[in-house]
Amino acid sequence: MKRRKFLILSSVLGLSSSLLGKNNSIVFSKSLKRVEKTIQSVQQHLFPEGSQIPSARSMNVTQFLLETITHPSYDKDIRLFVIEGAEELESREEGKFTAFSEKEKERALRAYEETHYGSNWLSRIMTLTMEGMFSDPIYGSNVKEAGWKALGSYGGLPRPTTRYIKL
Numbered sequence: 010m011k012r013r014k015f016l017i018l019s020s021v022l023g024l025s026s027s028l029l030g031k032n033n034s035i036v037f038s039k040s041l042k043r044v045e046k047t048i049q050s051v052q053q054h055l056f057p058e059g060s061q062i063p064s065a066r067s068m069n070v071t072q073f074l075l076e077t078i079t080h081p082s083y084d085k086d087i088r089l090f091v092i093e094g095a096e097e098l099e100s101r102e103e104g105k106f107t108a109f110s111e112k113e114k115e116r117a118l119r120a121y122e123e124t125h126y127g128s129n130w131l132s133r134i135m136t137l138t139m140e141g142m143f144s145d146p147i148y149g150s151n152v153k154e155a156g157w158k159a160l161g162s163y164g165g166l167p168r169p170t171t172r173y174i175k176l
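Count the sequence shown with this note's numbering and you get residues 10 to 176, in order.
See below:
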C-alpha cells in the first residue's frame, strides 16, 4: 500500500469512529428521554412527599441523575445500565409503570427487586438519588441544603466552586 492511500484510509477510519460516537450520543439521548419519566417515578416512590427527609421531587434529584450520567466522565456501562434497567421495568409492567398507583408501584418494584438485575438496578438508582439529595447544592440538587439539614450534617470543606470538571 502506498503511503498516500494509507494516510487517506487512516483518516477515513478515524473520522468514521468519531461519527459513530456522535450517533451513539444521539441514540443515548433519545433512550434517556424515553425512560426519564420512569426513573423520576421510581425516585419519587422511593423518596415521597411527607417523609422525614425531603422528597425526590423537592430536591431535583432526577435532574441531578440525568446531568451526572450524561457527563463525559461518567462510566458508559453504568449509563447504559441505568437506561436498560428502566426500559426493563417498563417492559415488565407493559409500559404502564408511571401511571400506576403507589400500591401498584410498590408491588412492581418489589417484584423487580426479586430479580438479580432489578435488585442491582434499584440499588444504582438509590445510590444516584442519595448522591443528589446529599451532595453540595452547587450540583443542582440538595435544594437550600435541605438534605443536610434533615440529617443534621453538612458537606465537607472546602466546598466546590465549580459544578463539574472540564474535560
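Glycine residues also receive a C-beta, built at the ideal position from the N, C-alpha and C atoms.
- Here the alpha carbon of Phe73 sits roughly 8 Å from the alpha carbon of Thr138.
- Close CB contacts of Pro146 within its chain, under the 8 Å cut and outside five residues either way in sequence, are with Val152, Lys153, Glu154 (chain order).
- In the three-state DSSP reduction, Gln61 falls in the coil class, being neither helix nor strand.
- For Phe56, there is no enclosing alpha helix (DSSP H), since its DSSP letter is neither H nor E.
- At the C-beta level, Pro63 and Gly156 come within 8 Å of one another.
- Per DSSP, reduced to three states, the secondary structure at Lys112 is helical.
- Within the model, the alpha-carbon separation for Ala159 versus Gln61 is close to 7 Å.
- The beta-carbon distance between Met142 and Val70, rounded to whole angstroms, is 6 Å. This is short enough to meet the 8 Å contact definition.
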